[in-house]
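Count the sequence shown with our numbering and you get residues 2 to 403, in order. Heads up, the thing below is written out as C-alpha cells.
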Amino acid sequence: MDDRNALDAMASRPDGQGHESAGVRGEELTAVLHRAVEQAAHRLQAVAAAVYLLTPGGDELRAAMIGGSPPSVLTLPGRMSLDSPYASARALTGQGVALLAEPDPLADPQHGAPAYPYTVASVPLETQGRRFGSLTVLRTENRGAYSDADCRRLARIGDRLAVLLDGLHARGAVIAPGNLPVLVPVFDTEPRPVTQEGTVRGVPDVPGSAGMTLLYALQRLTEMLNRATTMEHVVGAAEFCVVASLDARALVLASAAEGRLWVLGHSGDSSSLVRELHGTALYTDTSAARALRGRALFFPGASPVPAGPREGTPRLRAGAPVRLGAGTHVDRPRPHHLGTRDQRAHPRRQRRGRAAAGVRGPCPPRGAGLRQRPARAHRLLAHRRGKHAGRKRPRRVSPQLR
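Encoded structure:
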C-alpha cells in the first residue's frame, strides 16, 4: 500500500454511527495524524516524526502528535514561533522542504560533536492556499544526510496529509493542536544497539526496551538529586545513574567562580581530570571550559587508559554544561576498532549526557548553599551579639515545661 492509499484508507473508514459528528471527526483527525507520523518514521528510517499544526491565531506552531521511540521523542520542541530557526517553522514559511543537518553552524567537528545529535527534515502541510502546519522527521546524525528521494518521499506523505486535513476542515472539523502533544510509540524506530559499545542496554529486538531502560536511570537520577543535601550526595547520584549508563571510568563535577573552574566532586579514576580542571581559567580552550561556555562537547582522546581490563584503549571525553553555573566532565574508554566516521560520541550517549546534565543542574548550587549555611548563620549571630552586647535577654521556656 503506497502513501496515498494508506492515508485514504485511514480517513474513509465506514463507521455507520453519525459519520459527521464532532466526536467522530476528532477521531478521524487523530487517526490521520497517527498514520502520517507512522508512515513518515518508517519510510524515512527516522527515530521520531511529528505533526505540527498552526494555532487558531496562526502565529505559532504546536506539536499535535509525536511518534517514535524514547528518548528521541522527548527532544522535539512542543511549540515554536513562525520566525524561529526550527526546520518545522522554516518549512511552513518557506513553502518547501527544510533540512537541518547542522543545528549549530559554529560547531567544529574536529573538536566536538554538534549540540543536537539529529538531522531534521520538514515539509509544509498546505493545499489550495490553506496552511495547516508541518510534518517533521528526526534521524540520528550517523545515518547521513537526507537524499533527494527521502525529500520526495516525505513531501508525498505531507501533501496527502494536507489534502486529508483540508477534507476534514471542509466537513467542520477543527484542525488545531491540543494543549499538549499526543505521544505514540512507533515500532522499529529505535536505533539498533551498537556492538562496539561496551554495554548494551535493554532486551535486544524488544521495541522501546533500550530507551526505557535509560529513561529509568534518568528518572532515578532526578529523584536522588531531589533528596540530595550535600555535594557528596550529588556526586553519588551521578555515579550511580550517569557513570553506569555511560560506561564511564571517571566523572568530575566543577563549578565556575572568580573566572576559574573549581572541582566540587569527582568519582572513579578521576585524579588526572581533577588536576587538569581544578583552577583552570574559563577563557582557555580546554574541553571543560569550552563546554561550560554553553554547549555539550564530545572529544575523542588518544591517551591510553593506564590500567584495568581496557588497558591501552583510547579515551573519549564528554563535557556537558549544567544550569546555574556548574559543569560536568566525563571520561570513558573508547574502543580501538571504531573508524574515523565514529570519532564523535554515539548519538545515544550524547542524548544521555545532556539529559543527565539538565536534571543535575540545580543541585550543585543547592548542595554548596547547604554547606555554607552554618558559616552564614555564625556570621549573622556574631553580628547580632556585637550590636546588642550587654543587653539582657529573657529566658525562653518550652511550652511543654510550663
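Where is the CB? At the ideal position from N, CA and C, for every residue including glycine.
Taking C-alpha positions only, Thr223 is separated from Pro57 by approximately 36 Å. DSSP lists Arg140 as the bridge partner or partners of Thr120. For Ile158, the uninterrupted alpha helix (DSSP H) segment begins and ends at Asp149 to Ala171.
A straight line joining the alpha-carbon of Ala211 with that of Ala292 spans about 27 Å.
A Cβ-Cβ separation of about 10 Å leaves Glu233 out of contact with Ser268 under the 8 Å criterion.
In this structure Gln40 is buried. Its beta-carbon is surrounded by 16 or more other beta-carbon atoms within 10 angstroms. Taking C-beta atoms as the reference points, Ala245 and Ser271 fail to come closer than 7 Å.
In this structure, DSSP gives Phe241 a helical state, which the three-state scheme calls helix. The three-state secondary structure of Ser89, taken from DSSP, is helix. Assignment of His43 by DSSP, reduced to helix, strand and coil, places it in the helix class. In the DSSP assignment, Ala64 falls within the unbroken beta strand (DSSP E) covering Glu61 to Gly69. Taking the Cα of Leu247 as reference, the smallest distance to any Cα among Leu216, Ala257, Trp263 and Glu259 is reached at Leu216. In the three-state scheme derived from DSSP, where H, G and I count as helix and E and B as strand, Leu77 is classed as coil. Its Cα nearest to that of Ala47, the residue Pro72 stands out among Pro72, Leu55 and Glu29. Annotated three-state conformation of Gly95 is helix, per DSSP. Per the C-alpha coordinates, the member of Thr285, Ala92, Ser148 and Val74 positioned closest to Ser82 is Ala92. Collapsing the DSSP output to three states places Glu191 in coil.
In this structure, Ile176 is the residue among Thr231, Ile176, Gly203 and Ala282 with its C-alpha nearest to the C-alpha of Leu62. According to the DSSP assignment, Arg261 belongs to the beta strand (DSSP E) that extends over Arg261 to Gly269. In chain order, Ala88, Arg91, Ala92 and Ser123 place their CB closer than 7 Å to the CB of Ala99, counting only its own chain and leaving out the 5 sequence neighbours on each side.
For Val253, the uninterrupted beta strand (DSSP E) segment begins and ends at Ala251 to Ala258. Pairing Ala163 with Thr128 gives a Cβ-Cβ distance under 7 Å.
By alpha-carbon distance to Thr141, the top candidate from Pro118, Ala238 and Arg157 is Pro118.
Linking Leu126 to Ser135 through their CA atoms gives a straight-line distance of about 5 Å. With fewer than 16 other CB atoms across the displayed protein chains lying within 10 angstroms of its CB, Thr285 is exposed.
Per DSSP, Tyr217 is one residue of the alpha helix (DSSP H) stretching across Ser210 to Arg228.
Restricting attention to Val74, Gly168 and Gly159, the CA atom closest to the CA of Leu30 is found in Gly168. The closest CA to that of Arg131, considering only Leu166, Gly145 and Leu139, is found on Leu166. Proximity to Pro186 across Ala50, Gly68 and Gly203 peaks at Gly68, based on C-alpha coordinates.
Under the criterion of beta carbons closer than 8 Å, Val235 and Gly266 qualify as touching, at roughly 7 Å.
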